[in-house]
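The working numbering runs 16 ahead of the 1-based position in the sequence shown.
Ideal placement from N, C-alpha and C gives every residue a C-beta, glycine not left out.
What follows is a set of notes on a single structure, which appears directly below.
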Amino acid sequence: MWRNIGRCCTTKRMYQIRRNAHNTSNHLAYLIFLISTATVITQIIRAERLSSITPCAYPLLSDTVRCGIDDVNLRKSVRICDPDKVISMSEIEVIKNKLDTIYSRKNKSCLCGFDQKKPCWFRFGFAFLSRMFPVESGVSHFYSREFCPTNKSLLSYKKSYTLMDSTRESIINYGKNFARLLRERWLMGECDEDILFFILLKRPSQLMRRSTLSYLASRTVQQTPYIFASYGSLVREKIDPYHSLSFNDFSINQQQQQQQQQQQHYIDPLQQIVESENVNFENGYSLKVVTENLLDRFEATLSQEYTLPHSRNHIPDWATIVFIICALLCLLMLIG
């Protein structure tokens, strides 16, 4: 009898030990899961914070998780990245529908060759960000697709940084370089026919007009976005007739000097469109309306034919007329 009681107690103890061990292993596995999940979340948060400082940390289009576009069909048809999740699906749909309309008209206008992947024509991309924090060495004109360092120590500069320390020009230059590096890293085009719109949902105060600043001081309004644009060399050649010209320093004649002077006064029509749409944002236009206008106006401008302006002729008109008359008289004398 006592043996049976002892065996029973031993069995209960072993069962309890096994159950405790099983519970311990479950708790340990759950703890490991929590730690790994927290680590991943922390890395994502740090990456998102870093992406507001440097384009080198901004997600690539292939990073579907961080780009924040969950719809598979949208990812295939529209080049959009929204790591901060600041735009709605309806706003993305507006961009998609407008691009579909453009490409339905331009689908046969292949720029890089007949075997170019459809849709043809120029390639458009949209990169959204809640805010941009310009920090020294965050971007540089020396950076490129091949060399774009991601320095996590920039986060420490962000904490002590204030936009009040920056000028309008420095922020614009920062944003333009930011957009350029994003476009180069995304590799949207096949022959530099790509166009990228980098849109901040919260515009720095230095990029606002005085009238808007006074309005903001007196009332509460919605955030005002701001657009930066970057485009490849083929786009530049399309709109700038002087872009592809090369001059020899040892054989520059007066006509070429005039062309160089005209090039210095050249106004980028695409940049004018971007600036006017930035003003529309300040006037209360919605993101949907501005993106539609932006694409419509870019299409119209890029569809135009640009030619070099005729150089001014230094031969007087009367001399040209006399030369023609003399040539005709000589011809009549030969015939007669």
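Self-check item: For N193 and I341, the rounded distance between their alpha carbons
Solution: Taking the straight line joining both Cα atoms gives about 59 angstroms.
Quiz prompt | Same chain, Cβ closer than 8 angstroms to G84, neighbours up to 5 away in sequence not counted | solution = Contacts found: C97, D98, P99, D100 and K101.
Quiz prompt | Beta-bridge pairing of A316 - partner residues as DSSP gives them | solution = Looking at the DSSP assignment, A316 forms no beta bridge with any residue, so it has no partner.
Self-check item: C-alpha distance - N296 paired with I69, whole-angstrom precision
Solution: Per the coordinates, the alpha-carbon of N296 lies some 26 angstroms from the alpha-carbon of I69.
Quiz item: Looking at P220 and I187, is the spacing between their C-beta atoms short of 7 angstroms?
Solution: For I187 and P220, yes; Cβs fall inside 7 angstroms.
Quiz item: Smallest Cα separation from L115: which of T240, S156, Q320 and S93?
Solution: Ranking T240, S156, Q320 and S93 by Cα distance to L115 puts S93 first.
Self-check item: Endpoints, alpha helix (DSSP H) assigned at F297
Solution: Going by DSSP, F297 is part of the alpha helix (DSSP H) stretching over P285 to E298.
Self-check item: Status (buried if at least 16 other CB within 10 Å, exposed otherwise) for P165
Solution: Counting Cβ neighbours within 10 Å, P165 comes out exposed, since fewer than 16 surround it.
Quiz item: With a CB to CB cut of under 7 angstroms and the five nearest residues on each side skipped, what residues in its chain are close to P241?
Solution: Correct list, in chain order: I215, L216, L217, R219, F297 and L303.
Quiz item: Residues in its own chain within less than 7 angstroms of E315 by CB, not counting five upstream and five downstream?
Solution: For E315, where only same-chain residues beyond five positions count, the Cβ hits under 7 angstroms are I118.
Quiz item: With DSSP run on the structure shown, which of helix, strand or coil describes L347?
Solution: Of the three classes helix, strand and coil, the one that applies to L347 here is helix, per DSSP.
Quiz item: Taking C-alpha atoms, which residue in D210, D256 and M224 lies nearest to Y247?
Solution: Looking at D210, D256 and M224, the one whose alpha-carbon comes closest to that of Y247 is D210.
Quiz item: What is the rounded straight-line gap between the Cα of F144 and the Cα of T336?
Solution: Take the alpha-carbon of F144 and the one of T336: they are about 59 angstroms apart.
Exercise. Over the uninterrupted alpha helix (DSSP H) stretch that includes I108, give me the two end residues.
Key: In the DSSP assignment, I108 falls within the alpha helix (DSSP H) that extends over M105 to K122.
Quiz prompt | The beta strand (DSSP E) enclosing R139, as first and last residue numbers | solution = R139 to L145 is the extent of the beta strand (DSSP E) around R139.
Exercise. Assign L216 to one of three DSSP states: helix, strand, or coil.
Key: Three-state DSSP puts L216 in a strand.
Exercise. Could you spell out the range, first to last residue, of the alpha helix (DSSP H) harbouring A195?
Key: Following the DSSP letters along the chain, one finds A195 inside the alpha helix (DSSP H) bounded by residues R184 to W202.
Quiz item: With DSSP run on the structure shown, which of helix, strand or coil describes C72?
Solution: Helix, per DSSP.
Quiz item: Bridge partners of F130, per DSSP?
Solution: Paired residue(s): none; F130 is not in a bridge.
Quiz item: What residue does the alpha helix (DSSP H) around I85 start on, and which one ends it?
Solution: Run containing I85: none; DSSP gives neither H nor E here.
Practice problem: May I have the straight-line CA-CA distance separating G141 from I111, to the nearest angstrom? | Solution: Distance from the CA atom of G141 to the CA atom of I111, rounded to whole angstroms, is 10 angstroms.
Practice problem: Whole angstroms is fine: what's the gap from S125's alpha carbon to S182's? | Solution: Approximately 43 angstroms between the Cα atoms of the pair.
Quiz prompt | Continuous beta strand (DSSP E) stretch holding D246: start and end | solution = Per the sequence shown, the amino acid found at residue 246 is Ser instead of Asp. Note, S246: beta strand (DSSP E), Y242 to Y247.
Quiz item: Using a Cβ-Cβ cut-off of 7 angstroms (strictly less than) and excluding sequence neighbours within five positions of C128, which residues of its own chain qualify?
Solution: The beta carbon of C128 sits closer than 7 angstroms to those of E206, C207 and E209, all from its chain and outside the five residues before and after it, given in chain order.
Practice problem: Using the Cα positions of N113 and N309, report the straight-line distance between them to the nearest angstrom. | Solution: Here the alpha carbon of N113 sits roughly 13 angstroms from the alpha carbon of N309.
Self-check item: Simplified DSSP state of C97, which is helix, strand or coil
Solution: The answer is strand: DSSP assigns C97 an E or B state.
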